[in-house]
Amino acid sequence: MFTLLFAFFLLWLFFKLGVGFVKLTIFIVGILLTATFFAYLLIPVLIVFGIGYGLWALATR
Numbered sequence: 003m004f005t006l007l008f009a010f011f012l013l014w015l016f017f018k019l020g021v022g023f024v025k026l027t028i029f030i031v032g033i034l035l036t037a038t039f040f041a042y043l044l045i046p047v048l049i050v051f052g053i054g055y056g057l058w059a060l061a062t063r
């Protein structure tokens, strides 16, 4: 959610500074590709960390 807000903030900044539409489109596509790539990369890591933290929290309570 924060990433989405950050992207919208950057969009607003780009419009405020008057950056061309083509640059803007390339920028958005870049953000989408990066976000998708990192999401697929991070989901398994987050699951493993989540399980690990859950077990640790149960073991040490």
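Counting with the working numbering, you get residues 3 to 63 for the letters of the sequence shown.
Ideal Cβ positions, reconstructed from N, Cα and C, are used throughout, including at glycine.
Cβ-based neighbour list, residue i, same chain, cut-off 7 Å, excluding 5 preceding and 5 following
i   : result
A37 : T5
A9  : I33
The alpha helix (DSSP H) enclosing residue i, as first and last residue numbers
i   : result
G32 : 23-61
Spatial neighbours of residue i in its chain, beta-carbon cut-off 6 Å, leaving aside the 5 residues before and after
i   : result
W84 : This structure leaves residue 84 out entirely; the chain is present only between 3 and 63.
F16 : L26
L35 : none
Spatial neighbours of residue i in its chain, beta-carbon cut-off 8 Å, leaving aside the 5 residues before and after
i   : result
I28 : none
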